[in-house]
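Some notes on the structure that comes next.
Residue numbers (my numbering), protein chains in the order written: chain A, 124 to 709; chain B, 2 to 182.
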């Protein structure tokens, strides 16, 4: 079935055929024909953001919480350049996005026309792939290809740049077909011989662990289920990166907490001392590895990743398996079962004893206070009061993000939306808008910092317009906390420009936006205030005034290895927690 | 324990021995594909020592990029994987690793001179099997093909004889034997 229509109509038609329900965007001269096409239909709902960066972050939140492709529509020039931060964020965190940008008419390209920029040139390094469509005949194929490339293999953002004359041009539309591309063929099944090698290593491990990442989430719910099954079968401990939280339930006794720079002591010590490391869908990022030449020196490493370029990039591994997490995990579970593998029970028991000793150090402990709200306490209370609800959490970037990762216990995948790779302050508020739109009945909370949230504060207006009752829970310590923490540790306490001077009154700011404002300054009032936040059926700005001096611990200081963590002063000291036998290993 | 650094990034790894590799990259012949490849090299800090690009099969819209690059074995492996990840890239073959490849380069060398040096240039050109493709009473343009070191040697010999300029194509490579890429 083919039909003749304008390029602009094709865009909307292709989105509808790809199952897109929501499109985040901002109009402008070079996309007006597409906005005209939006006006004439009701299959795709357009969400008007307040800044193009917000559109991409909202689409990221939408994508990450649903597993679907997030869609963005922006105009040429500043519309496209404003989207660049979001696109880079999506590339770093492997989020499927299709971003359609308007472009000046083809005869003006290269002439420095009004609102012209070299969109494909600018976005080439920050997209998985991009297109400039110069012929109407190419448009339907390119649109469908864009969805295929964004969502298959290692997901990522794809830009389709469409000049205005192509939007007006008439052409023949065709529906999505099988992808004929010969050069792009993501490999899903892992090499079975390598998987067998991995299983052999696992079966003979004495101190094994699973180190999982965002790839397990991207691979779908099935991958998380298979991971849980394999972890139960083997009895091995599990840790995860920031991006992978929720793939394995935090309530499970085999869970060691997050690893890396602000990970738990037990996770990092286990990484350092393990003899077999099974990395699934993570990429040995520098926040994870710390000092590379001292990274897990005695272990055999297995790495499962759909992106071959992630394997042996930072850390040389012994068994590299290129494939989709769910596919490889399925083979692993099958081989483990059919081979009736029984790892050395005694060795594994000793390993667990060692891990429990590390756990007993209580590396996340902090000093409580009745006078001032500790940021960790605020997140603990938030968790306790929301854990029995259908809750989704987004964050900004900084200390609050790490505390959220440490203290909000995720039990299910797709519930945690955060900017990991790029570390984009201002991600969380627009992302929460996208999540709430995808899950209208759920409780969506952005755990924010007062500095981050001001970067994209205008999107609260979007939330109000579409009646999206997102809760912006601001951990307000009046500092760019993570910057201040680094200045304290590395720059002699010279707090250069990290104080949040002249902050707005967040309660009045909420009112100005027709949202609901709450301020809480005392630990005793916190529960009541959080309940009020949950009950208000409106977007809420919650100004949670916390201890400005609190630092985020534990941490691996710069240039150090996993076994050289700094703990907060409330953690158990070495002597009280470690027995003679354990001392040998610390 | 090591002294703490003042960066929150890990220190640079200690330098390892770099190798030179010739990579053949088969790509879709479409606008921007070369920019993608070059952008990958510059964006990730890889070296390009030589680069040649040309359409190979018009009907299939394919082009072949031959790139000579240097890096540690781990970096070379990264480069190949990163290239393979680009959507318009069909195949990446490491000609150096396969060990059975032929590499050739073409250069045009302009030499200006009179008298003995002119005769000497012509004599050397003959020894190197370079062809004269342009001549005036005071200059020659030689065309020479071969491995890069042969061309470099020829250029070095021309230097005292009145070398004006050199234009080189960069390296093209192909595997020996009956199999294609």
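We put the CB at the ideal spot given by N, CA and C, even for glycine.
{"Item": "Nearest to residue 490 of chain A (by Cα), restricted to the options A:676, A:265, A:685", "Value": "A:676"}
{"Item": "Contact residues within the segment 401-428 of chain A, judged by C-beta distance below 8 Å to chain B", "Value": "409, 412, 413, 414, 415, 416"}
{"Item": "Endpoints, alpha helix (DSSP H) assigned at residue 665 of chain A", "Value": "Taken as a continuous stretch (DSSP letters only), residue 665 of chain A belongs to no alpha helix (DSSP H), being part of the beta strand (DSSP E) at 663-668."}
{"Item": "Exposure of residue 163 of chain A, with buried meaning 16 or more beta-carbon neighbours within 10 Å", "Value": "exposed"}
{"Item": "Simplified DSSP assignment, three categories, for residue 16 of chain B", "Value": "coil"}
{"Item": "Under 7 Å by beta carbon: chain B residues contacting residue 247 of chain A", "Value": "36, 37, 40"}
{"Item": "Rounded distance between the beta-carbons of residue 386 of chain A and residue 216 of chain A, thought under 8 Å", "Value": "At roughly 18 Å, the Cβ-Cβ gap does not stay under 8 Å, so residue 216 of chain A and residue 386 of chain A are not in contact."}
{"Item": "Where residue 626 of chain A falls: helix, strand or coil (DSSP)", "Value": "coil"}
{"Item": "Residue 295 of chain A burial status per 10 Å Cβ neighbour count (16 or more: buried)", "Value": "exposed"}
{"Item": "Coil, strand or helix - residue 422 of chain A by DSSP", "Value": "coil"}
{"Item": "The segment 266-278 of chain A in contact with the segment 233-246 of chain A per 3-pair CB rule at 8 Å", "Value": "no"}
{"Item": "Residue closest to residue 8 of chain B, alpha-carbon to alpha-carbon, out of A:683, A:694, A:693, A:688", "Value": "A:683"}
{"Item": "Chain-ordered neighbours of residue 56 of chain B on chain A, where CB pairs are closer than 8 Å", "Value": "Result: empty, since nearest Cβ-Cβ is about 16 Å, beyond 8 Å."}
{"Item": "One or two residues paired with residue 367 of chain A in a DSSP bridge", "Value": "DSSP lists no partner for residue 367 of chain A."}
{"Item": "Length of the line joining the Cα atoms of residue 153 of chain A and residue 201 of chain A", "Value": "11 Å"}
{"Item": "Within chain B, the residues that residue 431 of chain A reaches when beta carbons sit closer than 7 Å", "Value": "82, 85"}
{"Item": "Rounded C-alpha distance that separates residue 404 of chain A from residue 428 of chain A", "Value": "5 Å"}
{"Item": "Proximity of residue 282 of chain A and residue 229 of chain A at Cβ, strictly below 9 Å", "Value": "no"}
{"Item": "Euclidean distance between Cα positions of residue 483 of chain A and residue 450 of chain A", "Value": "36 Å"}
{"Item": "Minimum Cβ-Cβ distance from residue 149 of chain B to chain A less than 9 Å", "Value": "no"}
{"Item": "Any beta strand (DSSP E) of 3 or more consecutive residues that is wholly inside the segment 78-155 of chain B", "Value": "90-95, 102-113, 132-137, 140-147"}
{"Item": "Other residues of its chain near residue 151 of chain A: CB distance less than 6 Å, five sequence neighbours each side excluded", "Value": "198, 202"}
{"Item": "CB of residue 219 of chain B within 9 Å of CB of residue 77 of chain B, strictly", "Value": "Because chain B here runs from 2 to 182, residue 219 of chain B falls outside it and cannot be looked at."}
{"Item": "Per-residue burial, residue 158 of chain A [other beta carbons within 10 Å of its own, 16 or more giving buried]", "Value": "buried"}
{"Item": "Nearest neighbour of residue 634 of chain A, chosen from A:492, A:664, A:691, A:444 [CA to CA]", "Value": "A:664"}
{"Item": "Whole-angstrom distance between residue 625 of chain A and residue 83 of chain A, CA atom to CA atom", "Value": "Because chain A is modelled from 124 through 709, residue 83 of chain A falls outside the range shown and cannot be assessed."}
{"Item": "Touch test, the segment 549-558 of chain A against the segment 360-378 of chain A, Cβ-Cβ under 8 Å, three pairs minimum", "Value": "no"}
{"Item": "Neighbour flag for residue 22 of chain B against chain A, beta carbons, 9 Å", "Value": "no"}
{"Item": "Cβ-Cβ distance between residue 658 of chain A and residue 504 of chain A below 9 Å", "Value": "no"}
{"Item": "Complete alpha helix (DSSP H) runs within the segment 345-406 of chain A (minimum length 4 residues, chain order)", "Value": "388-396"}
{"Item": "Below-9 Å beta-carbon distance, residue 10 of chain B vs any chain A residue", "Value": "yes"}
{"Item": "Below-9 Å beta-carbon distance, residue 243 of chain A vs any chain B residue", "Value": "yes"}
{"Item": "Min CB distance residue 435 of chain A to chain B below 9 Å", "Value": "yes"}
{"Item": "Residue 533 of chain A and residue 568 of chain A closer than 9 Å at C-beta", "Value": "no"}
{"Item": "Chain A contact residues for residue 78 of chain B, given Cβ-Cβ distances below 7 Å", "Value": "435"}
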